[in-house]
Each structure stands twice: as structure tokens, then as C-alpha cells.
Amino acid sequence: MHDRVRKLERAGLIKGYRAEIALEGVGLPITAFVSLALRPSSPQDITARIAELPLVESCYSVAGERSYVLVVRAPTTTALEELIDALRNKLEVTTSTTIVLSTPFEHRPVVPTGPPDSRETMGR
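Here the working numbering = 1-based position in the sequence shown + 733.
1. Do you know how far the Cα of S774 is from the Cα of P787?
2. Count the other C-beta atoms from every protein chain shown that fall within 10 angstroms of the C-beta of V833, then say buried if there are 16 or more, exposed otherwise.
3. Who are the Cβ neighbours of V759 in its own chain at under 6 Å, not counting the five residues just before and after it?
4. Assign I754 to buried or exposed, taking buried as 16 or more other Cβ atoms, counted over all protein chains shown, within 10 Å of its Cβ.
5. Please tell me whether A770 and R799 are closer than 7 Å, where the distance is taken between their beta carbons.
6. Grouping DSSP H, G and I as helix and E and B as strand, with all else coil, what is V759?
7. Can you look up E742 in the DSSP assignment and give me helix, strand or coil?
8. Below 8 Å on the Cβ atoms is my guess for S829 versus S791; work out the distance and round it to an integer in Å.
9. Do you know how far the Cα of G749 is from the Cα of R743?
10. Is the CB-CB distance between V826 and A765 below 7 Å?
11. Given this structure, state the Cα-to-Cα distance separating T846 from S835, to the nearest angstrom.
12. For R782, which residues of its own chain have a beta-carbon under 8 Å away from its beta-carbon, when the five flanking residues on both sides are left out?
13. Are there 16 or more other CB atoms within 10 angstroms of the CB of Y793, so buried, or fewer, so exposed?
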């Protein structure tokens, strides 16, 4: 197993290791997905501005009616509402928010698929 992991690391297929924090235990029990639709008046450096917001865990550029989907971790619904107001006012965007009620699973391992030559790199 260690040899396979080393091969994956050398091939650049393992991007890193991390500790998974129980967010409820550090005061961030609320998870929300906030979708952003840009307006003509939205700033050009919008992702840099989003990156400055401490409650935003992830920012995904997406196709469809919305331009970005943010994963937000908040201590309270009031804090979430304040963040949404700030996004709307400072970034000139419209938002759509979904609050997570429960997480049946996340960060599930994905079985790699791809061309046969890439699977050989992984020790198959």
C-alpha cells in the first residue's frame, strides 16, 4: 500500500493531506451553498474579493444561470444573512441560498477512471 501511495505522490496525483475539523465543535454549525449571479456592475476581481471573506470555505465557477457557487460555514443564521447582504451590496450580485439540514455523506472516495495509461501510473 505504501508503494502505491508513493507512486501516486510522485505522479502528482495526490495533492495533499489534511485534518478534517468538526465544524460544529469550532462554532461553525451552519453550512450553506450560496449561488451568485453577476450583474454588469459586478467587480472584475470578484473572486479575489470573495477570497477575503472568512466564512467562505470554497468558491466554484459554474456553468448555467449562476456564475459561482460558494460553500459557506457560519456560526449563526444571522451571520449567514449578514454575509449574504455583504455579497449583494459590495459585489453587486444576486444570490440564491440553500442551507444544509444534514450531511448523509461527503468527501466520498472516488474510484479513478481514465485512459489505461493513467491507471498504470496508479499501480494497476
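All C-beta atoms, glycine included, are put in the ideal place defined by N, C-alpha and C.
Note that the structure is a prediction, hence the values are computed from the model and not measured.
Looking at the coordinates:
1. 24 Å
2. exposed
3. none
4. exposed
5. yes
6. helix
7. helix
8. 16 Å between Cβ atoms; not a contact.
9. 12 Å
10. no
11. 29 Å
12. P776, K823 and L824
13. exposed
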